[in-house]
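**Q**
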Amino acid sequence: MNAWPKSSALLKSNEQWIPGGVVSLNRKSDPNICFEKGKGSRVWDLEGNEYIDYQAGFAAAFLGHNDPDVNEAVQQTLGASTLLMGAGPTNLEGEFARLFCECVPSADSVQITTTGSEATYHALRIARAVTGRDHIIVMQGGYNGWHNDVACNVISSLADVGERVSPGEYPFDSLSAGIPAQHKALVHVVNYNDIASIEYIIKRYPVAGVLLEPILQNVGIVKPLPGYLESLRKLADENGFLLIFDEVKTGFRHALGGYQQLCGVRPDLSTFGKAVANGYPMGVIAGKKEYLDYFIHPEKSKRVLIAGTFNAHPLTTAAAIATLRKLAAGGVYEHVNKLGQLLEDGLNDIFSATGRPFKVARQGSAFCVYFMDHAPVDFHDILKHHDFAFDKNYRLQLIEKGIFNFPLPIKQGSISFAHTVKDIEETLEKTKIIVAQL
Ligand SMILES: Cc1ncc(COP(=O)(O)O)c(C=O)c1O
C-alpha cells in the first residue's frame, strides 16, 4: 500500500510538464515524498505526517528550517525595497564578503554565485588560468556539482568502475550525457586518501588543480587519513597545481572557518554553498587574493569571467549575513556537537546489541551509519563492504516511524542547531524499535 498517495499524485501531475517531475535529479528518490513545510528540526509532508528531519534540504538548513533570525533579515530586506536593483555594487554584498573573510582562514577575498556548482566551476577555471594547464583531479565518491568537469563518479557501481585501482585512475563514470569526450580526457578520477594515485597522475599529465571535499560527505562521512590533506598541500606546492577544497557541505557546518580551520591545511581556493545562507541560494569562491584577482586580471587572455544576473541577490545575501552573524555569536557548534555525540553514542549502543557489523561515522553534526566493520577510507571500500540493501531498508523503516533520512543508502545525515536533546532521544527510541524488528 502506498503510504504517500498525495505525494505520488503531485509527482504524477508535475510529470506532465516537468520531465521526471523533479527539478533536480538528485531529488528523485523512492519513495518520493513531497514536503509542504519545515520549521526548526521538523518537516511535514503532504499527507500531514511530521518528521524529525536529518536531510536538512540536502544539508543546507544548518540552523534549522525557517530560522527566525534569517527570515527576519530577509523580510526586512524585502520591506526596504532593496530587491534586485539591477546595477552597481550593494552594501549587503560588501558586508557579507567582509564577514566571510573574517570567518574563513584562507579567504583574502571572495566572489559570489547562486549555487555551489557555479562556485566549483569558477574555481577550476581560475586553476586553469593561473597554471596554464588543463587537467584536473577529482575524487571517486566526491560530488562537486553538475558541470562537465565534475559530473562523474559519485555513487558508482562496481560494474562501472571495476576493481580498486591504486596507483592509477578510474574511468570517467559520467552522470550526464552530452559531455564531450575531449573534456572527459582532462578529468582524472582517483581514490580519496590515496596520495600514490595523485603522484601517478601528476607525473603523466599537466595538472591545474586537485578538487576535493576535504571530508567525502556525498557518500556518508569518509574522513581524511592523518597526513593526507597535508601531503596534498605539499604536492601542490612542489608541483605548481592549486589545491581546491570543496567546502559546499563541510563549510560553516563543522566550524565557522570551514573544515580547513579544523584540519589546519590551507587550500589555495575553496568553494562554499548550502549552509552559508541557511537554505537560501548562494555559492562562494574564496581564496588567496593573487588567485581571486584573476577575475580582474589586467590581461584579457588571463581574465576569468564571473557574471550572473542573480549573483549576491539581496534576499539571499541578507540571509547569509544573518546566518554568519548567528554562527559567529557562539553556542551553535557546541550545541550541534553535543547532539552529534549523543546520537553517535546511542546508535553505538543500539547496533552493538545486534551483533551486525556497523560503524557510526560522524563529524560534528554530520553523520552516517555504515553497515560494515570499519570506517571506510574511500568509496571503493564502501562499495566492497557496505550492506546497501540493509541500509535502504533501515532508512525506509525510519521514515515510516517519522524520522527522515534521505531514502538512499550512504547519504549523510545532518543535525541542525534547531534540533534538541528530545529530538535525538526520540530518534534513538524509534531506531531501537525498528532495529529490533529488522
Ligand atoms: C560538496 C558539494 N559540492 C558542490 C555541490 C553543488 O552545489 P549546488 O547543488 O548548490 O550546485 C554540492 C551539492 O550537493 C555538494 O555537496
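Residue numbers for the sequence shown follow this note's numbering, so the first one is 670 and each next one is one higher.
Idealized CB from N, CA, C, for every residue including glycine.
Predicted model, so just to flag it, every value in this text is computed and none were measured.
Examine ligand 1 and report whether any of its heavy atoms sits within less than 7 Å of the Cβ of Gly814.
**A** By 1-based counting over the sequence shown, the position of residue 814 is 145. Checking every heavy atom of ligand 1 against the Cβ of Gly814, one is found closer than 7 Å.
**Q** Excluding the 5 residues preceding and the 5 following Leu715 in the sequence, name in chain order all residues of the same chain whose CB lies nearer than 7 Å to its CB.
**A** Working through the sequence shown from its first residue, we reach residue 715 at position 46. Here the set comprises Lys675, Ser676, Leu679, Cys703 and Glu705.
**Q** Would you tell me roughly how many angstroms separate the C-alpha atoms of Phe727 and Phe1073, rounded to the nearest one?
**A** In the sequence shown, counting from the first residue as 1, residue 727 sits at position 58. In the sequence shown, counting from the first residue as 1, residue 1073 sits at position 404. Near 12 Å, if we compare the C-alpha coordinates of Phe1073 and Phe727.
**Q** If you run the structure through DSSP and keep just helix, strand and coil, what is Leu881?
**A** Locating residue 881 in the sequence shown gives position 212, counting from the first residue. It is a strand residue.
**Q** Is it buried or exposed, Gly810, if we count other Cβ atoms within 10 angstroms and call 16 or more buried?
**A** Locating residue 810 in the sequence shown gives position 141, where the first residue counts as 1. Label assigned to Gly810: buried.
**Q** Would you list the one or two residues that DSSP bridges to Trp713?
**A** Within the sequence shown, the letter at position 44 stands for residue 713. DSSP, once it has assigned bridges, lists Lys706 and Glu719 as partnering Trp713.
**Q** Residue range of the alpha helix (DSSP H) that Thr746 falls in?
**A** Counting from 1 along the sequence shown, the entry for residue 746 is found at position 77. Start and end: Pro737 to Gly748.
**Q** Could you check the C-alpha separation between Leu961 and Pro758 for me, to the nearest Å?
**A** Reading the sequence shown from its first residue, position 292 is the one you call residue 961. Reading the sequence shown from its first residue, position 89 is the one you call residue 758. Taking the straight line from one Cα to the other gives about 18 Å.
**Q** Given the structure, does Asp722 come close to ligand 1, in the sense that its CB is under 7 Å from one of the ligand's heavy atoms?
**A** In the sequence shown, the residue the question calls residue 722 occupies position 53. Checking every heavy atom of ligand 1 against the Cβ of Asp722, none is found closer than 7 Å.
**Q** Beta-carbon separation of Asp1173 and Glu882 under 8 Å?
**A** The first residue shown for the chain is 670 and the last is 1107, placing residue 1173 beyond what the model contains.
**Q** Count the other CB atoms, across all protein chains shown, that sit within 10 Å of the CB of His852; report buried if there are 16 or more and exposed otherwise.
**A** On the sequence shown, residue 852 is found 183 positions in, with the first residue counted as 1. Per the 10 Å Cβ criterion, exposed.
**Q** Skipping 5 residues on each side, what residues in its chain have a beta carbon closer than 7 Å to that of Glu838?
**A** The residue labelled residue 838 in the question sits at position 169 within the sequence shown. Correct list, in chain order: His857, Val858, Val859, Ser866 and Ile870.
**Q** Between Val879, Arg711, Val692 and Ser1034, which lies nearest to Arg797 when the distance is taken from Cα to Cα?
**A** Locating residue 797 in the sequence shown gives position 128, counting from the first residue. Closest option to Arg797, Cα to Cα, is Val879.
**Q** What residue does the beta strand (DSSP E) around Leu912 start on, and which one ends it?
**A** Taking the sequence shown and counting its residues from 1, one reaches residue 912 at position 243. Counting along the chain, the beta strand (DSSP E) containing Leu912 begins and ends at Leu911 to Asp915.
**Q** In three-state DSSP terms, what is Lys1028?
**A** As a first step, residue 1028 is located in the sequence shown; it is residue number 359 there, counting from the start. It is a strand residue.
**Q** At what residues does the alpha helix (DSSP H) containing Leu1097 begin and finish?
**A** What you label residue 1097 is simply residue 428 of the sequence shown in a count that begins at 1. Unbroken alpha helix (DSSP H) run through Leu1097: Val1090 to Gln1106.
**Q** Let me confirm a value: Leu827 is counted as buried when at least 16 other C-beta atoms fall within 10 Å, else exposed. Which label applies?
**A** Residue numbering aside, residue 827 sits at position 158 when the sequence shown is read from its first letter. By the 10 Å Cβ count, Leu827 comes out exposed.
**Q** Quick one: give me the first and last residue of the beta strand (DSSP E) that Tyr1039 is part of.
**A** In the sequence shown, the residue the question calls residue 1039 occupies position 370. Ala1035 to Tyr1039 is the span of the beta strand (DSSP E), which, as asked, contains Tyr1039.
**Q** Assuming the contact rule is C-beta atoms closer than 8 Å, Ile1093 and Leu1011 should be a hit. Round their C-beta distance to whole Å, please.
**A** Here residue 1093 refers to the residue found at position 424 of the sequence shown. Here residue 1011 refers to the residue found at position 342 of the sequence shown. That pair is a contact at about 5 Å.
**Q** Look at the alpha carbon of Leu993 and the alpha carbon of Pro836, and state the distance between them as a whole number of angstroms.
**A** Indexing the sequence shown from 1 puts residue 993 at position 324. Indexing the sequence shown from 1 puts residue 836 at position 167. About 41 Å.
**Q** By the DSSP assignment, the beta strand (DSSP E) with Ala955 in it spans what residues?
**A** Within the sequence shown, the letter at position 286 stands for residue 955. Counting along the chain, the beta strand (DSSP E) containing Ala955 begins and ends at Gly952 to Gly956.
**Q** For Ile890 and Ala1030, which I take to be in contact (beta-carbon distance under 8 Å), what is that distance rounded to the nearest angstrom?
**A** By one-based count along the sequence shown, residue 890 stands at place 221. By one-based count along the sequence shown, residue 1030 stands at place 361. About 4 Å; that satisfies the 8 Å criterion.
**Q** In chain order, what residues of the same chain have a beta carbon less than 6 Å from the beta carbon of Arg833, not counting five sequence neighbours either side?
**A** Position 164 of the sequence shown, counted from the start, is the residue given in the question as residue 833. Answer for Arg833: His1049, listed in chain order.
**Q** Looking at Glu907 and ligand 1, is the gap between the Cβ and the nearest heavy atom below 7 Å?
**A** Taking the first residue of the sequence shown as 1, we reach residue 907 at position 238. Answer for Glu907: no, Cβ out of range of ligand 1.
**Q** Three Cβ pairs or more, each shorter than 8 Å: is that satisfied between the region 971 to 981 and the region 916 to 923?
**A** Too few Cβ pairs lie closer than 8 Å, so no.
**Q** Output yes or no for whether 8 Å exceeds the beta carbon distance between Asn947 and Ala730.
**A** Position 278 of the sequence shown, counted from the first residue, corresponds to residue 947. Position 61 of the sequence shown, counted from the first residue, corresponds to residue 730. Closer than 8 Å, so yes.
**Q** Whole beta strand (DSSP E) runs in the region 932 to 1012 with 3 or more residues, listed along the chain?
**A** Listed in chain order, they are 938 to 941 and 952 to 956.
**Q** Would the C-beta of Lys1080 count as close to ligand 1, meaning under 7 Å from any of its heavy atoms?
**A** Here residue 1080 corresponds to residue number 411 of the sequence shown, with the count starting at 1. Result no, Cβ not under 7 Å from ligand 1.
**Q** Kindly indicate which residue of Ser1021, Gly1082 and Leu1052 has the alpha-carbon position closest to the one of Gly831.
**A** Along the sequence shown, one-based indexing puts residue 831 at 162. Nearest of Ser1021, Gly1082 and Leu1052 to Gly831, Cα basis: Leu1052.
**Q** Is Thr789 near ligand 1 - that is, is its Cβ less than 7 Å away from at least one heavy atom of it?
**A** The residue given as residue 789 occupies position 120 in the sequence shown. Yes, since a heavy atom of ligand 1 falls inside the 7 Å radius drawn around the Cβ of Thr789.
**Q** For Asp818, I'd like the list of residues in its chain whose CB is within less than 7 Å of its CB, leaving aside the five on either flank, ordered along the chain.
**A** On the sequence shown, residue 818 is found 149 positions in, with the first residue counted as 1. For Asp818, where only same-chain residues beyond five positions count, the Cβ hits under 7 Å are Leu793, Ile805 and Val856.
**Q** Rounding to the nearest angstrom, what Cα-Cα distance links Phe1020 and Asp1047 in this structure?
**A** If you number the sequence shown from 1, residue 1020 lands on position 351. If you number the sequence shown from 1, residue 1047 lands on position 378. Taking the straight line joining both Cα atoms gives about 23 Å.
**Q** Check whether the Cβ atoms of Gly707 and His734 sit closer than 8 Å, and answer yes or no.
**A** By one-based count along the sequence shown, residue 707 stands at place 38. By one-based count along the sequence shown, residue 734 stands at place 65. Yes.
**Q** Are the Cβ atoms of Ile721 and Glu1003 separated by less than 8 Å?
**A** Against the sequence shown, residue 721 aligns to sequence position 52. Against the sequence shown, residue 1003 aligns to sequence position 334. Not a contact, by the Cβ cut-off of 8 Å.
**Q** Using three-state DSSP, classify His804 as helix, strand or coil.
**A** Working through the sequence shown from its first residue, we reach residue 804 at position 135. In this structure, His804 counts as strand in the three-state DSSP scheme.
**Q** Does the structure place the region 759 to 769 close enough to the region 978 to 989 that three or more beta carbon pairs sit under 8 Å?
**A** Result yes; three or more Cβ-Cβ pairs closer than 8 Å.
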